Amino acid sequence: RAKSGKTGRGNLFTFLSPTTVTNIIQTICKLLLLKISEEVNSAGIYSITMDTTMDVSIHDQCVFVLRYIKDRIEGTRSIVEVLERVVALKNVISSSGEGLFDLLKLTLDSMNISLDNCVADAFDGADNMNGQYKGVQAQLKEVLPKHIHTWCYAHVLNLVLQQTTKHTQHK
0 RAKSGKTGRG NLFTFLSPTT VTNIIQTICK LLLLKISEEV NSAGIYSITM DTTMDVSIHD
60 QCVFVLRYIK DRIEGTRSIV EVLERVVALK NVISSSGEGL FDLLKLTLDS MNISLDNCVA
120 DAFDGADNMN GQYKGVQAQL KEVLPKHIHT WCYAHVLNLV LQQTTKHTQH K
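Numbered by my numbering, the letters in the sequence shown go through residues 0 to 170 in order.
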């Protein structure tokens with residue numbers, strides 16, 4: 000707060016343009032993703048969760064979340080942490096199972112993370128994700144036969160809550 004009682008930046012000069020701020024944020028993002036990719040590659044295995052939704056401008060967006068373990072030393076003890084990191088939010092060009100699978104591969108490639116180390120996934124019940132013939136999980140099974148597919152229980156809980164509240168009578 001300035002001495003004059005006014006709020007705001009007042010007489011502060013920063014010399015930071017919007018372009019400079021954007022470049023700083025992008026650099027921080029790249030460093031974070033580099034650290035996450037190092038941790039995932041060090042873990043050796045990971046699982047993936049993906050979900051799509053329409054944003055307010057009616058563009059389909061896909062979020063990618065990686066789940067992996069990291070060993071850390073605390074004193075004389077070795078502690079295993081389970082980490083879950085959002086690594087990307089991408090515009091969806093094709094919402095088909097094949098299109099989303101290609102987007103997954105591109106996202107992982109951009110982070111230098113091998114798809115071969117993906118041991119499991121958790122998707123919602125949409126056909127493009129969960130479909131046993133053309134969904135992303137089917138594409139993963141084709142490339143990784145030992146891959147484990149599970150339903151995302153957050154989505155299952157959401158569906159249960161939706162159905163429960165739909166049939167609840169208010170007095």
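The C-beta atom is built at its ideal place from N, Cα and C for all residues, glycine as well. Small disclaimer: the values here were computed from a predicted structure and weren't measured.
*Roughly how many angstroms lie between the CA atoms of I24 and L102, to the nearest whole one?*
24 angstroms
*Tell me E80's beta-bridge partners as DSSP assigns them.*
K69
*Between N116 and I68, is the Cβ-Cβ spacing less than 7 angstroms?*
no
_Sequence-distant residues of its chain with Cβ nearer than 6 angstroms to H146 (five each side left out)_ = L139, K140
*Cα-Cα, which of L33, R76, F100, M128 is closest to R84?*
L33
*Is any heavy atom of the ligand FMN found at a distance shorter than 6 angstroms from the C-beta of G98?*
With respect to small molecules bound, the structure shown includes none, and the ligand FMN cannot be examined in it.
*Using three-state DSSP, classify A87 as helix, strand or coil.*
strand
*From T48 to T19, what does the alpha carbon distance come to, in whole angstroms?*
33 angstroms
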